[in-house]
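J.:
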Amino acid sequence: MEKILEVKNLVVEYPLKSGILDFKVSKSGISRLRPVVHAVNDVSFSIKQGEVFALVGESGCGKSTVAKAIVKLIDKKSGQILFRGDETSAENQDSLNEFRRNIQMIFQDPYSSLNPRQKVKDIIGEPIAYHRIRPNKASVLQLVSELMEKVGLSNEMMERYPHQFSGGQRQRIGIARALSMNPSLIIADEPVSALDVSIQAQILNLLMDLKDEFNLSILMIAHDLSVVKHISDRIGIMYLGKIVESGEKDQIFAEPKHPYTRALFSAIPIIEDTNPYDPIEIIGEVPSARMLPSGCFYHTRCPLADEKCIAMHPELVDIDDDHFVSCYHWQKQF
Amino acid sequence: MQRPILEVKNLSTTFHTFRGVIHAVSGVSFHLNEGEILGIVGESGSGKTVANLSLLHLVEGGVVQADVMRYQDIDLSSLKEKEMEKLRGAEISMIFQDPMSSLNPLYTIGHQIEESLKLHTKLNRKERRARMIDLLSKVGISDPESRLKSYPFQYSGGMRQRIIIAIALAVNPKIIIADEPTTALDVTVQAQVLRLLTDLIHNESRSMILITHDLGVVSKTTDRVVVMYAGKAMESGITKDVIHEPMHPYTDGLLRSIPRFHENQERLYQIPGMVPRAYDLPKGCRFEPRCPKAQPICKNEEPPVRKMSNGREIACFFPISKG
Ligand SMILES: Nc1ncnc2c1ncn2[C@@H]1O[C@H](COP(=O)(O)OP(=O)(O)OP(=O)(O)O)[C@@H](O)[C@H]1O
Ligand SMILES: Nc1ncnc2c1ncn2[C@@H]1O[C@H](COP(=O)(O)OP(=O)(O)OP(=O)(O)O)[C@@H](O)[C@H]1O
Ligand SMILES: [Mg+2]
Ligand SMILES: [Mg+2]
Chain A
1 MEKILEVKNL VVEYPLKSGI LDFKVSKSGI SRLRPVVHAV NDVSFSIKQG
51 EVFALVGESG CGKSTVAKAI VKLIDKKSGQ ILFRGDETSA ENQDSLNEFR
101 RNIQMIFQDP YSSLNPRQKV KDIIGEPIAY HRIRPNKASV LQLVSELMEK
151 VGLSNEMMER YPHQFSGGQR QRIGIARALS MNPSLIIADE PVSALDVSIQ
201 AQILNLLMDL KDEFNLSILM IAHDLSVVKH ISDRIGIMYL GKIVESGEKD
251 QIFAEPKHPY TRALFSAIPI IEDTNPYDPI EIIGEVPSAR MLPSGCFYHT
301 RCPLADEKCI AMHPELVDID DDHFVSCYHW QKQF
Chain B
1 MQRPILEVKN LSTTFHTFRG VIHAVSGVSF HLNEGEILGI VGESGSGKTV
51 ANLSLLHLVE GGVVQADVMR YQDIDLSSLK EKEMEKLRGA EISMIFQDPM
101 SSLNPLYTIG HQIEESLKLH TKLNRKERRA RMIDLLSKVG ISDPESRLKS
151 YPFQYSGGMR QRIIIAIALA VNPKIIIADE PTTALDVTVQ AQVLRLLTDL
201 IHNESRSMIL ITHDLGVVSK TTDRVVVMYA GKAMESGITK DVIHEPMHPY
251 TDGLLRSIPR FHENQERLYQ IPGMVPRAYD LPKGCRFEPR CPKAQPICKN
301 EEPPVRKMSN GREIACFFPI SKG
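Same order as they appear, the protein sequences are chains A and B.
For the first sequence, the numbering used here begins at 1 and goes up steadily by one.
For the second sequence, the numbering used here begins at 1 and goes up steadily by one.
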């Protein structure tokens, strides 16, 4: 299958205002640190045509930053983002427009991501007119109405404003707007986190249907692992701006190898049954993304950590047919 | 069997707004046994928070009515504001839904816990300090002595939630009402906080009401559960029974719409339709417009609460039977 998106060694930093504590004392004297948040630290993954790739990990680990860097909402420090094998330069306006049309984003918060003063027909219709996807007003409206039907909203809702919709309906409006661009990749950043379970099921089903119908690729960002297990084909687990494990969903859920993945899985509240993973309690807190630990970023909380882990960062290595793990001790039991 | 420590019968809370009357809670009954954790689940807007705020006289601008609202031997509805305030501080502690707003950013954590101790206990300065250190270590905060001097922003989300639990425990309450205490937290931190809360309840024979919309949390943490929908209790009973053999079609639909961890499902079940608007509720059963089992009677009459075996109660004319 064709790779639709490749992210290679992506690094993103956020600058911070400097404060008086940003000095480092070393043998050579006192030096000034450039205060930054190391949000994404060397992330690589790829998404194939028609595939759902899920990025999971706890709050602040850099998932949204990866998404924003892909759609060029923020600048990357280094690394490559290849769409169908090519890097899109920000200079070439035409190719940038084409890139922007091809990759659409659905946001977490269906309440604030829609302009409250715009009618639904304009929320969905405006980008269609801007990108000249349809030639005239009447045909734009025609497409709006088709898209609304596709996502399960009725035509007469076109004249309404966002506040007249429920959360699930608003999320559908966002999806219709994304689909209007006829994208090849949809990035869904926590699309169901703000929704109740009964509405969550509607949106997840809708995304799966659309994927099948249009052979869409989806980058799904989520923290609910039952949702991730249901919807994705492959997953990447992030910790402090790095992917610590990635691979086929079934394989990772069957045999999680990284100590962080194992701890994460053992905390999933599974309704039907007891959690099948060995109970592992994570100790301590996530270190700050301003001051990254040495070596393996997880060593400060890992029960298996030794001197090597403190000194050196383990590479992400393929341990078995596209199952990547970044850990010196992935073969060890607890 | 022992008499429940808290009992509510036929609680109704309404708000009169310019759009009309909102029946936030309509005729809900539940009880809390000593030493148990009772879960209250339901979708956003189903009345979980308002029902509990009503007990503690904390609803603003609403009218609260009930046949019974009893804590131990105290009739809660007859309490004067002063007496209620005392009870809230000492016997029933509430952990509010929005954790960040319950800590004052301008004061140290130590100051905030101490204020509560000053107000509700007779401990002297030294004793208060000892109690605070004890509390912080109990909720799993290392190096409590120096941590007392920190401000809220110097703590992570998970630690702040522990502090809020510590404040709720400071006065040694008999009952803790925790409103979505882990919703803002990551799964691993959520697991830690829930383990902490359950240990504190079970080891020290307190009782707790846990309000949440997360059925996973309910199934792992609670002994009994009440399922609410549009201001009504649809079903209640022992958590295991309700989760494994739901009898109300709404509970059944809710459970079926969650991705199952051990199965590979093609599609998720969807409850058809939408939650009714709070000021425009169906006349009969509130779930009738969306219910796959609805009959004509469901449209016209509200189903009474039926008592089944094993303490189960359901408000449905046509419950799902076993098998
Ligand atoms: N505009 C910003 N300026 C400075 N730091 C930021 C900014 N946005 C995010 N960060 C920091 O970058 C890191 C990664 O944030 P990001 O939003 O990508 O995380 P996330 O994995 O999406 O988390 P969540 O699950 O909470 O949405 C965090 O430490 C965050 O505090
Ligand atoms: N002060 C108020 N004035 C008017 N209506 C209110 C007020 N407080 C709550 N309501 C309404 O009462 C109903 C029940 O609200 P409640 O906060 O109890 O829901 P909940 O089940 O706790 O939901 P959530 O899961 O979103 O916290 C809702 O329709 C809400 O809009
Ligand atoms: Mg995010
Ligand atoms: Mg609430």
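Think of the CB as a built atom: it goes at the ideal place given N, C-alpha and C, for glycine as much as any other residue.
Treat the numbers as computed from the prediction; the structure is a model and nothing was measured.
Helix, strand or coil for GLY45 of chain B, going by three-state DSSP, please let me know.
T.: coil
J.: Quick one: using the 10 Å Cβ neighbour count with 16 as the cut-off for buried, is GLY57 of chain A buried or exposed?
T.: buried
J.: Kindly examine ligand 2 and report whether one of its heavy atoms sits closer than 8 Å to the Cβ of VAL28 of chain B.
T.: no
J.: State the DSSP-derived secondary structure class of TYR340 of chain A, mapped to helix, strand or coil.
T.: With chain A represented from 1 up to 334, any question about residue 340 of chain A goes unanswered, as that position is not in the structure.
J.: Indicate whether at least one CB of chain A lies closer than 9 Å to the CB of GLY158 of chain B.
T.: yes
J.: Report whether the distance from the Cβ of LYS63 of chain A to the nearest heavy atom of ligand 3 is below 8 Å.
T.: yes
J.: Is DSSP giving GLN104 of chain A helix, strand or coil here?
T.: strand
J.: Taking 9 Å as the threshold (C-beta atoms), are ARG290 of chain B and GLY231 of chain B in contact?
T.: The Cβ atoms of GLY231 of chain B and ARG290 of chain B lie no closer than 9 Å to each other.
J.: Examine the Cβ distances between the region 165–183 of chain B and the region 219–235 of chain A and report whether three or more of them are shorter than 8 Å.
T.: The region 165–183 of chain B is not in contact with the region 219–235 of chain A.
J.: Kindly identify the DSSP beta-bridge partner or partners of ASP179 of chain B.
T.: B:ILE211
J.: Looking only at DSSP bridge pairs, what is ARG234 of chain A linked to?
T.: A:PHE53, A:GLU248
J.: At 3 residues or longer, what runs of the beta strand (DSSP E) sit wholly inside the region 40–102 of chain A?
T.: 52–56, 78–83
J.: Taking C-beta pairs closer than 8 Å, name the residues in chain B that ILE106 of chain A reaches, listed in chain order.
T.: The premise fails here: ILE106 of chain A is roughly 18 Å from chain B at the closest Cβ pair, so nothing lies under 8 Å.
J.: Among the residues of its own chain, which have a CB less than 6 Å from the CB of VAL63 of chain B, if the five just before and after it don't count?
T.: THR14
J.: Would you verify that the beta carbon of VAL242 of chain B is, or is not, closer than 9 Å to some beta carbon of chain A?
T.: no
J.: How many Å lie between SER95 of chain A and ASN102 of chain A at the Cα?
T.: Approximately 10 Å between the Cα atoms of the pair.
J.: Buried or exposed for PHE107 of chain A, going by 16 or more other Cβ atoms inside 10 Å?
T.: buried
J.: Considering GLY174 of chain A, what are the terminal residues of the alpha helix (DSSP H) in which it resides?
T.: Segment 167–179, the alpha helix (DSSP H) holding GLY174 of chain A.
J.: Could you give the DSSP three-state label for GLY62 of chain B: helix, strand or coil?
T.: strand
J.: In three-state terms, what does DSSP make of LEU136 of chain B?
T.: helix
J.: When you compare the CB positions of ILE231 of chain A and VAL52 of chain A, do they come within less than 9 Å of one another, or not?
T.: At the C-beta level, ILE231 of chain A and VAL52 of chain A come within 9 Å of one another.
J.: Should ASN155 of chain A be flagged as near chain B, meaning a C-beta pair shorter than 9 Å?
T.: no
J.: I'd like to know if ASN205 of chain A contacts chain B, where contact means its C-beta is closer than 9 Å to some C-beta of that chain.
T.: yes
J.: Using beta carbons (cut-off 9 Å, strictly below), is VAL37 of chain A in contact with chain B?
T.: no
J.: Count the other C-beta atoms from every protein chain shown that fall within 10 angstroms of the C-beta of GLU98 of chain A, then say buried if there are 16 or more, exposed otherwise.
T.: exposed
J.: Going by C-alpha to C-alpha distance, which of B:PRO173, B:GLU34, B:ALA166, B:SER257 sits closest to LEU87 of chain B?
T.: B:PRO173
J.: Within 10 angstroms of the Cβ of ALA233 of chain B, are there 16 or more other Cβ atoms? Answer buried if so, exposed if not.
T.: Result: buried.
J.: When a residue counts only if its C-beta is closer than 7 Å to some heavy atom of ligand 4, which residues count, in chain order?
T.: B:LYS48, B:THR49, B:GLN97, B:ASP179, B:GLU180, B:ILE211
J.: Compute the Euclidean distance between the alpha carbons of ARG306 of chain B and ILE314 of chain B, then round it to the nearest angstrom.
T.: 5 Å
J.: Could you please tell me which residues of the region 193–225 of chain B, in chain order, have their CB closer than 9 Å to any CB of chain A?
T.: So the close ones are LEU194, ARG195, HIS213, ASP214, LEU215, GLY216, VAL217, VAL218, SER219, LYS220, THR221.
J.: Does the beta carbon of ASP189 of chain A fall short of 8 Å from some heavy atom of ligand 3?
T.: yes
J.: Nearest to SER226 of chain A by alpha carbon, out of B:SER207, B:GLU263, B:ILE177?
T.: B:GLU263
J.: Compare the beta carbon distance of LEU38 of chain B and ILE209 of chain B with 9 Å and say whether it is the shorter of the two.
T.: yes
J.: Can you find a C-beta in chain A that's less than 9 Å from the C-beta of THR188 of chain B?
T.: True, the Cβ-Cβ gap to chain A drops below 9 Å.
J.: Would you mind stating whether TYR328 of chain A and ASP306 of chain A have Cβ atoms separated by less than 9 Å?
T.: yes
J.: Using a C-beta cutoff of 9 Å, does PRO269 of chain A count as contacting chain B?
T.: yes
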